[in-house]
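Everything on this sheet refers to the single structure shown next.
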Amino acid sequence: MAGTGARQIAASGVRRAGEFRHLPKADLHVHLEGSLSRALLCRFAHRQGTAGLRAHDLAFHDFDGFLRAFARVCSFLRRPLDFQLAVQALGRRLRRDGVIHAEVFFSPQVHTRRGLKYADLANALEQGARLVQAAGGPSMLFIADGVRQWGVEPFQRLLADLERHPFPSVVGIGLGGLEEAIPSRAFAPAFAAARARGLFAVVHAGETGPPAAVLEAVELLGACRVGHGVAASQDGELLRWLRRRKVTLDVCLTSNRRTGACPAGRPHPLAGLVGAGVPVTLGSDDPALFHTTLSGEYARAAACGLDDAALRRVAGQAARASLLPPHARRRLLATLEAAWRAWRPEDG
Ligand SMILES: [Zn+2]
0 MAGTGARQIA ASGVRRAGEF RHLPKADLHV HLEGSLSRAL LCRFAHRQGT AGLRAHDLAF
60 HDFDGFLRAF ARVCSFLRRP LDFQLAVQAL GRRLRRDGVI HAEVFFSPQV HTRRGLKYAD
120 LANALEQGAR LVQAAGGPSM LFIADGVRQW GVEPFQRLLA DLERHPFPSV VGIGLGGLEE
180 AIPSRAFAPA FAAARARGLF AVVHAGETGP PAAVLEAVEL LGACRVGHGV AASQDGELLR
240 WLRRRKVTLD VCLTSNRRTG ACPAGRPHPL AGLVGAGVPV TLGSDDPALF HTTLSGEYAR
300 AAACGLDDAA LRRVAGQAAR ASLLPPHARR RLLATLEAAW RAWRPEDG
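For the sequence shown, numbering that gives the first Met the number 0 gives the first residue as 0, with consecutive numbering after it.
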């Protein structure tokens, strides 16, 4: 009888993160700064001769509180070497979780404001990614994430930095922060210039903002993927448009709950997005701040109602929507599909 009960639970979508850890996965939405463990931040603080962090120092209850915690974490990154160490620590964290490819946001404006040089920190990321690859992966690409509420001019300076100091692993530019601070239209010329120089646009939209923000990210900024985009679930016409245009949404379930973007007590719109045929991937976003892993996100997606076939599709979509060159993308897709096809979910 116990076995039957367990099977029923498994069939109803309850899965543990551990069931996904051994499966190869790609995380297309993870922030370097939000991945730093408290232990690593305390090591940085010790070297800097400043006070370490207590457990509740990074606590938050809403989106504004989250942004403050994120800024606090950034303040511990002071030397280029810190960025290399941060990338190596993220690499270890992802490798332990079965992630074989990651597309990592970093926030250069936050650091150059404090006096760091873009070229030094991007070079440190590049070195870190090489060391991670040599240690067994995952492969890493980077997306320079602009701060929307700081305005267009600082964003243009970020773009100028990227142009002056190209690095092979920095392949994208994005926009995050307070969604409704400045309209996307204001950033359209800068994004057009970035795309003309071969950079991919990956934009946070429809996280705390309205469905129209998702449309604008694609139409005005040329986003090839949208970070979150969950507000699209409120607009059936937009869902059909996203499906037709094959725009991928990188959905971060734990993040949405912890920031209040999708309040607890209401079902998360993930299953609706998948049901509408919108391409979706799962991301861990800021795994240290949200206490999650990509495996944990897959378990959460099962709890949201995604069946095993849908989870397989989502896993493969992370390869299809990746910013890798075509041959590497095909190789990643083949690896993911082979492993997930052979996956036999535990049935208790
Ligand atoms: Zn994000």
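Note that CB positions come from ideal geometry on N, CA and C, so glycine has one too. Note that this is a predicted model, so its numbers are computed, not measured.
{"query": "Closer than 7 Å: ASP307 CB and nearest ligand 3 heavy atom", "result": "Annotation note on ligand 3: not contained in the displayed structure, which lists ligand 1 as its ligands."}
{"query": "For LEU89, the first and last residue of its enclosing alpha helix (DSSP H)", "result": "79-95"}
{"query": "Separation of SER106 from ARG343, as counted between CA atoms", "result": "39 Å"}
{"query": "Sequence-distant residues of the same chain with beta carbon closer than 8 Å to ALA50, five excluded per side", "result": "ALA44"}
{"query": "C-alpha distance - SER294 paired with PRO137, whole-angstrom precision", "result": "15 Å"}
{"query": "Anticipated Cβ contact below 8 Å, LEU323 with LEU331, distance rounded", "result": "6 Å"}
{"query": "Rounded separation between VAL13 and ASP160 - CA only", "result": "46 Å"}
{"query": "PRO23 vs ALA320 beta-carbon contact at 8 Å", "result": "no"}
{"query": "Top-ranked residue by Cα proximity to ALA211, from GLY221, GLY175, ALA195, GLN233", "result": "GLN233"}
{"query": "Check whether CYS223 and VAL201 have beta carbons under 8 Å apart", "result": "yes"}
{"query": "Any non-hydrogen atom of ligand 1 closer than 7 Å to PHE69 Cβ", "result": "no"}
{"query": "Coarse secondary structure for THR111, derived from DSSP in three states", "result": "helix"}
{"query": "Three-state class that DSSP yields for TRP32 in the structure shown", "result": "Sequence inspection shows Glu at residue 32; the Trp mentioned does not correspond to that position. DSSP places GLU32 in helix when its eight states are reduced to three."}
{"query": "Candidates LEU120, LEU198, SER74, LEU93: closest to GLY282 by CA position", "result": "LEU93"}
{"query": "Where ALA350 falls: helix, strand or coil (DSSP)", "result": "Past the boundaries of the shown model lies residue 350; the chain is included only from 0 to 347, so the question cannot be answered."}
{"query": "Residues near PRO268 by beta carbon distance below 6 Å, same chain, minus five either side", "result": "VAL229, SER232"}
{"query": "Meets three-Cβ-pair contact criterion under 8 Å: the segment 132-152 and the segment 170-178", "result": "yes"}
{"query": "Among ALA314, ARG244, LEU272, the one whose alpha carbon lies nearest that of GLY97", "result": "ALA314"}
{"query": "Terminal residues of the alpha helix (DSSP H) in which SER168 lies", "result": "It is not in any alpha helix (DSSP H) - SER168 carries neither H nor E in the DSSP assignment."}
{"query": "Which listed residue (THR253, LEU310, THR258) has its alpha carbon closest to that of PRO278", "result": "LEU310"}
{"query": "Cα-Cα separation, GLY276 to THR111", "result": "40 Å"}
{"query": "CA-to-CA distance, ALA68 to PHE56, given in whole angstroms", "result": "The question names Phe, but residue 56 in the sequence shown is Asp. When rounded, the distance between both Cα atoms is 8 Å."}
{"query": "Own chain residues within Cβ distance below 6 Å of THR207, not counting five before or after", "result": "PHE62, GLU178, ALA260"}
{"query": "Presumed contact (8 Å Cβ cut-off) between PRO79 and ASN122, rounded CB distance", "result": "7 Å"}
{"query": "Proximal residues to TYR297 (C-beta, below 7 Å), its chain only, five neighbours per side dropped", "result": "PHE19, LEU281, LEU310"}
{"query": "Proximity test, GLY175 beta-carbon vs ligand 1 heavy atom, cut-off 7 Å", "result": "yes"}
{"query": "Residue closest to LEU272, alpha-carbon to alpha-carbon, out of THR258, ALA263, LEU238, ARG257", "result": "LEU238"}
{"query": "CB-CB length for PHE141 against LEU115, believed under 8 Å", "result": "About 15 Å separates the two Cβ atoms, so there is no contact after all."}
{"query": "3-residue-minimum beta strand (DSSP E) runs that sit fully inside the segment 226-275, ordered along the chain", "result": "247-250"}
{"query": "Per-residue burial, HIS28 [other beta carbons within 10 Å of its own, 16 or more giving buried]", "result": "buried"}
{"query": "Near ligand 1: HIS110 beta-carbon under 7 Å from a heavy atom", "result": "no"}
{"query": "The segment 180-189 contacting the segment 212-220, beta-carbon criterion three pairs below 8 Å", "result": "yes"}
{"query": "Contact test: ASP284 Cβ vs ligand 1 heavy atom, cutoff 7 Å", "result": "yes"}
{"query": "Local Cβ density within 10 Å of ALA58, reported as buried at 16 or more and exposed below that", "result": "exposed"}
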